[in-house]
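Residue numbers (my numbering), protein chains in the order written: chain A, 220 to 333; chain B, 124 to 237.
We put the CB at the ideal spot given by N, CA and C, even for glycine.
For reference, the structure discussed in these notes is given below.
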């Protein structure tokens with residue numbers, strides 16, 4: 220069966236510090252991968268998606284970047300965090316060959332920028 | 124692009140009552156409509172989904188209906204229980220040049236009182 224791992228679970232970082240969040244998927248090949256952000260009490264905002272290695276698309280202009288160095292690895296980064304980067308970050312995957320397949324979310328990373 | 128609106132934002136019911144959450148979408152090409160349940164501090168989890176070639180789908184106490192003409196779909200929960208309390212998100216998706224993009228509603232906070 221497929222599993223998705225996301226870490227760390229919580230993170231407190233000062234403004235201006237770098238960020239690296241990692242996500243890996245097991246049990247599937249060539250998945251679509253996604254990074255979502257959820258502000259406190261708010262909905263899910265798509266940040267990045269990827270349909271393959273080194274193929275990244277950004278949905279919103281921001282202080283963040285994403286990379287996919289391996290088929291089942293997705294990384295969210297920032298060189299300098301802003302206060303507004305605080306939130307709940309969720310990695311997700313869907314089957315790459317099924318255009319009507321659900322998203323499966325990781326457990327999320329709660330990021331607080333101080 | 125797709126826009127999904129969700130109502131109500133909060134819903135309070137007594138245990139045993141029914142709950143209905145409604146969503147509308149804008150893109151007539153959307154053909155996949157999942158619903159997610161998110162408990163406090165946890166990841167969203169898929170509870171039911173429906174595809175555009177089906178008008179209704181039921182899974183025990185949960186049902187979803189889809190009206191393609193009107194571009195709206197609804198989640199129905201019968202015989203609600205306190206453990207149904209959570210935030211529920213609807214979403215709509217269409218194939219986009221080889222990539223499936225889900226757009227989420229803003230969420231409904233359901234509170235079931237004993």
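{"Check": "What three-state label does DSSP hand residue 131(B) in the structure shown?", "Outcome": "coil"}
{"Check": "Going along the chain, which residues of the region 257-268 of chain A sit with their C-beta nearer than 9 angstroms to a C-beta in chain B?", "Outcome": "257, 260, 261, 262, 263, 264, 265, 268"}
{"Check": "Identify whether residue 241(A) lies in helix, strand or coil by the three-state DSSP scheme.", "Outcome": "strand"}
{"Check": "Is any beta-carbon of chain B found at less than 7 angstroms from that of residue 230(A)?", "Outcome": "no"}
{"Check": "Check whether the Cβ atoms of residue 328(A) and residue 291(A) sit closer than 7 angstroms, and answer yes or no.", "Outcome": "no"}
{"Check": "May I ask which residues mark the beginning and end of the beta strand (DSSP E) holding residue 160(B)?", "Outcome": "155-161"}
{"Check": "Going by beta carbon distance, what residues of the same chain come within less than 6 angstroms of residue 286(A), once the five residues before and after it are set aside?", "Outcome": "294"}
{"Check": "Between residue 231(B) and residue 129(B), how many whole angstroms is the CB-CB distance? I'm expecting something under 8 angstroms.", "Outcome": "6 angstroms"}
{"Check": "Can you tell which of 149(B), 205(B), 158(B) has its C-alpha closest to the C-alpha of residue 214(B)?", "Outcome": "158(B)"}
{"Check": "What beta strand (DSSP E) runs, 3 residues minimum, are completely inside the region 224-311 of chain A?", "Outcome": "229-232, 238-245, 251-257, 264-271, 274-277, 284-289, 292-297"}
{"Check": "How long is the line joining the alpha carbons of residue 321(A) and residue 137(B), rounded to whole angstroms?", "Outcome": "31 angstroms"}
{"Check": "Compute the distance between the beta-carbons of residue 134(B) and residue 233(B), then report whether it is under 7 angstroms.", "Outcome": "yes"}
{"Check": "In the DSSP assignment, find the unbroken beta strand (DSSP E) run with residue 229(B) in it and report its ends.", "Outcome": "Element bounds for residue 229(B): n/a, residue is neither H nor E."}
{"Check": "Alpha carbon to alpha carbon, how far is residue 268(A) from residue 241(A)?", "Outcome": "14 angstroms"}
{"Check": "If you drop the 5 nearest sequence neighbours on each side, which residues of the same chain put their C-beta closer than 7 angstroms to that of residue 153(B)?", "Outcome": "125, 215, 216, 217"}
{"Check": "On a CA-only basis, which of 313(A), 312(A), 255(A), 220(A) is nearest residue 283(A)? Give me that one, please.", "Outcome": "255(A)"}
{"Check": "What is the DSSP secondary structure of residue 140(B), counted as helix, strand or coil?", "Outcome": "coil"}
{"Check": "Tell me which residues of the region 179-191 of chain B have at least one Cβ-Cβ distance to chain A shorter than 7 angstroms, keeping chain order.", "Outcome": "none"}
{"Check": "What residues of chain B sit near residue 321(A), judged by a beta carbon separation below 7 angstroms?", "Outcome": "157, 169, 172"}
{"Check": "In this structure, does DSSP put residue 172(B) in helix, strand or coil?", "Outcome": "strand"}
{"Check": "When you compare the CB positions of residue 300(A) and residue 239(A), do they come within less than 7 angstroms of one another, or not?", "Outcome": "no"}
{"Check": "Alpha carbon to alpha carbon, what distance is there between residue 310(A) and residue 225(A)?", "Outcome": "7 angstroms"}
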